[in-house]
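Going down the list, the protein sequences come from chains A and B. Be aware that the first sequence starts at 36, since it is given in this note's numbering, and climbs by one per residue. Be aware that the second sequence starts at 7, since it is given in this note's numbering, and climbs by one per residue. Working notes, structure below.
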Amino acid sequence: MLSSDKKWEPRIIAFFCNWCTYTAADLAGVSRLKYAPNVRVIRVMCSGRVDPQFILHVFASGADGVLIGGCHPGDCHYSEGNYKMLRRFMLLKRMLKKMGIEEDRCRLEWISAAEGEKVKSVINDMVEKVRKLGPLGIPKRISKIDKEIKIIEKEINPEEAVEHA
Amino acid sequence: MPDKPKIGFYWCASCGGCEESVVDLAEDILMVTGAVDIVFWPVAMDFKKSDVEKMDDGSILATMVNGAIRTSEQEEMARLIRRKSKIVIAYGSCAHLGGIPSLANEFEKAEILKYIYSDAPSVINKEETYPLTEFKHNGRYVTLPVFRNIVRTLDQVIDVDYYLPGCPPTPKLLKQAVLTLLSGELPPKGAVLAPDYALCEECPRKKTKPDNVSFTQFVKPHMMLIDKEKCLLAQGVICMGPATRAGCEALCINGNMPCSGCFGPTSRVKDQGAKILSSICSNIEAKSEDEIDTLLNGIPDPVGTFYRYGLAASLLRKKIQEGK
Ligand code: SF4
Ligand code: FES
Numbered sequence: 036m037l038s039s040d041k042k043w044e045p046r047i048i049a050f051f052c053n054w055c056t057y058t059a060a061d062l063a064g065v066s067r068l069k070y071a072p073n074v075r076v077i078r079v080m081c082s083g084r085v086d087p088q089f090i091l092h093v094f095a096s097g098a099d100g101v102l103i104g105g106c107h108p109g110d111c112h113y114s115e116g117n118y119k120m121l122r123r124f125m126l127l128k129r130m131l132k133k134m135g136i137e138e139d140r141c142r143l144e145w146i147s148a149a150e151g152e153k154v155k156s157v158i159n160d161m162v163e164k165v166r167k168l169g170p171l172g173i174p175k176r177i178s179k180i181d182k183e184i185k186i187i188e189k190e191i192n193p194e195e196a197v198e199h200a
Numbered sequence: 007m008p009d010k011p012k013i014g015f016y017w018c019a020s021c022g023g024c025e026e027s028v029v030d031l032a033e034d035i036l037m038v039t040g041a042v043d044i045v046f047w048p049v050a051m052d053f054k055k056s057d058v059e060k061m062d063d064g065s066i067l068a069t070m071v072n073g074a075i076r077t078s079e080q081e082e083m084a085r086l087i088r089r090k091s092k093i094v095i096a097y098g099s100c101a102h103l104g105g106i107p108s109l110a111n112e113f114e115k116a117e118i119l120k121y122i123y124s125d126a127p128s129v130i131n132k133e134e135t136y137p138l139t140e141f142k143h144n145g146r147y148v149t150l151p152v153f154r155n156i157v158r159t160l161d162q163v164i165d166v167d168y169y170l171p172g173c174p175p176t177p178k179l180l181k182q183a184v185l186t187l188l189s190g191e192l193p194p195k196g197a198v199l200a201p202d203y204a205l206c207e208e209c210p211r212k213k214t215k216p217d218n219v220s221f222t223q224f225v226k227p228h229m230m231l232i233d234k235e236k237c238l239l240a241q242g243v244i245c246m247g248p249a250t251r252a253g254c255e256a257l258c259i260n261g262n263m264p265c266s267g268c269f270g271p272t273s274r275v276k277d278q279g280a281k282i283l284s285s286i287c288s289n290i291e292a293k294s295e296d297e298i299d300t301l302l303n304g305i306p307d308p309v310g311t312f313y314r315y316g317l318a319a320s321l322l323r324k325k326i327q328e329g330k
């Protein structure tokens, strides 16, 4: 845990497919189901639209977790989008593991438009798991490491140090 | 006669191949030395840091710096060169994207030092002697540069004007770059001096690349006899061509080896590794988790395969260390 984050709350970005999981999240809303407020939902037309670059970008920008929601296998409106996502997800997970990002920080779920209850349970469960892991805080980690090169910058090039700081 | 424009070459964390590629200009090197004065090139000519320090700021037209940045000394030299040069060019994959040295970002500094100075099978170091940055011997101080926590690209340390990609850049690209510099018609700042489309576009095997590759297995080049005409991806060999910038004229493919990605991504791609991962996975035939899992075992080292030349420039930059 980063000691400076006393009142830290997990921040999770969710990519939800328009046709199923997003609709399910809507349903959860109108049914007044309560779930943790830590998730920011981004609507995509299909889980197959989620480029692995989005996921890395979200982590690199400071998110603690990424959740992807798509239609159940066989139900994708573009027929194969969710299979593409599944395969990308499986390889990405192997890669994230090698890069030191814990498994529970990245999750793929099939949630149909009728499964408002599942949106709730998945989000609550994920928030709890990420909370246990603590902040990922990549921007903070990187800026901390990058301090090491500011020293020479100041010694040699006081003017430039300001420019690049 | 007015002075010829001044050019410099310098190296940081690199293997020496980039320097070699300058020599590979062959006769054209005479064209270059006829048109410019080389004022700094430690690998080939006797220049010292103090010679550079004496030059006026901005007096060198362009310096090509190869190699990634790992030590304080490299940082210091990069900054000195930045001040003395109007144009700084990141030369080769390591300066451009971190290169092979930046695969070290998969490990922590302490892990690396421990392996190199204690654990490597060829090392005997019972006294646990580790390098120090300062050491006093017979009343004199001996110093070593600081080994930083992470490998950086050149532009993560200083402002960079242009990039010449490749491991190493081809003599043709270098020659073009020098001619561009001399012409005075400079491309926009930050340009990568190579075409901005994927390698597949200039690959002689493009005709045989199927629209839907449909992988049923992944094989490494040494595991099979590779058909010399057919697209490598169509043969199940991981080829980085679709996610890599063109400009090498498919050198590796012509040697019947897959592209390993040294030119980095095109300008529309942020993260080369994620991009090739996306493209490859879309084309896997399997649909069940078990089948996909088995198939993926054919790519045992995804980080080393997809970010071979660019971990430092990738979105994650380094392995996350627990608790820090
Ligand atoms: S994938 Fe590789 S072999 Fe196939 S066309 Fe592209 S560069 Fe050529
Ligand atoms: S449309 Fe929902 S996953 Fe493709």
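Note that the Cβ used here is the ideal one computed from N, Cα and C, for glycine as well. Source: prediction; values computed, not measured.
Here the alpha carbons of residue 144(A) and residue 55(A) stand approximately 11 angstroms from one another. Look at the beta carbons and you see the segment 86-105 of chain A touching the segment 171-181 of chain A: at least three pairs across the two are nearer than 8 angstroms. With distances taken between CA atoms, residue 312(B) lies nearest to 129(A) out of 162(A), 129(A), 177(A), 181(A). Taking the Cβ of residue 254(B) as the reference point, every heavy atom of the ligand FES lies at 7 angstroms or farther away. Following the DSSP letters along the chain, one finds residue 107(A) in no alpha helix (DSSP H), marked with neither H nor E. Residues of the same chain with a CB within less than 6 angstroms of the CB of residue 131(B), apart from the 5 flanking positions on each side, are 123, 124 in chain order. Between residue 41(B) and residue 173(B), the alpha-carbon positions lie close to 26 angstroms from each other. Residue 188(B) has its alpha-carbon roughly 54 angstroms from the corresponding atom of residue 104(A). At a C-beta separation below 9 angstroms, residue 87(A) has these neighbours in chain B: 277, 279, 280, 281, 283, 284, 287. Assignment of residue 176(B) by DSSP, reduced to helix, strand and coil, places it in the coil class.
Per the Cβ contact rule, the segment 110-128 of chain A is in contact with the segment 64-84 of chain A (3 or more Cβ pairs under 8 angstroms). The beta carbon of residue 290(B) is closer than 7 angstroms to those of 221, 298, 301 in its chain, skipping five residues each way along the sequence. Look at the segment 115-132 of chain A: the residues with a C-beta under 8 angstroms from a C-beta of chain B are 118, 119, 121, 122, 123, 125, 126, 127, 129, 130. DSSP, read as helix, strand or coil, puts residue 251(B) in strand. With a beta-carbon spacing of about 6 angstroms, residue 206(B) and residue 215(B) fall inside the 8 angstroms limit used to define contacts.
Shown here, residue 263(B) sits in coil according to DSSP, grouped into three states, outside any helix or strand. For residue 251(B), the closest C-alpha among the options 284(B), 200(B), 90(B), 211(B) is that of 200(B).
Along the segment 234-252 of chain B, there is no position whose C-beta sits under 9 angstroms from a C-beta of chain A. Per DSSP, reduced to three states, the secondary structure at residue 312(B) is helical. Non-local C-beta neighbours of residue 139(B) in its own chain, meaning closer than 8 angstroms and more than five positions away in sequence, comprise 149, 150, 151, 152, ordered along the chain. Residues 42, 67 of the same chain have their beta carbon placed closer than 6 angstroms to that of residue 11(B), with the five preceding and five following residues left out of the count. Contact check for residue 159(B) against residue 103(B) passes: the beta carbons are separated by less than 8 angstroms.
With its beta carbon less than 8 angstroms from one in chain A, residue 308(B) belongs to the interface.
Flagged as an interface residue toward chain A: residue 78(B), by a C-beta distance shorter than 8 angstroms. Taken in chain order, the members of the segment 151-176 of chain B whose beta-carbon sits within less than 9 angstroms of a beta-carbon on chain A are 152, 154, 155, 156, 158, 162, 163, 164, 165. Membership of residue 232(B) in any alpha helix (DSSP H) is not indicated, and neither H nor E is assigned to it by DSSP. Boundaries for residue 58(A): no beta strand (DSSP E) harbours it, while the alpha helix (DSSP H) harbouring it runs 56-65, taken from the DSSP string. Secondary structure in the segment 131-191 of chain A: the beta strand (DSSP E) runs of 3 residues or longer, each lying completely within the stretch, are 141-145 in chain order. DSSP places residue 84(B) in the uninterrupted alpha helix (DSSP H) bounded by 78-90. In the displayed model, residue 203(B) falls within coil according to three-state DSSP, outside both helix and strand.
Residue-level contact check: residue 161(A) does not touch chain B, since none of the beta carbons of chain B fall below 8 angstroms from its beta carbon. Against chain B, a Cβ distance below 8 angstroms from residue 135(A) picks out 325, 326, 327, 328. Residue range 98-103 is occupied by the alpha helix (DSSP H) that includes residue 101(B). Cβ proximity to chain A below 8 angstroms picks out 112 from the segment 102-118 of chain B. Counting other Cβ atoms within 10 Å of its Cβ, residue 230(B) stays below 16 and is therefore classed as exposed. Take residue 273(B), set aside five residues on each side of it, and the residues of its chain with a beta-carbon closer than 6 angstroms to its own are 202, in chain order.
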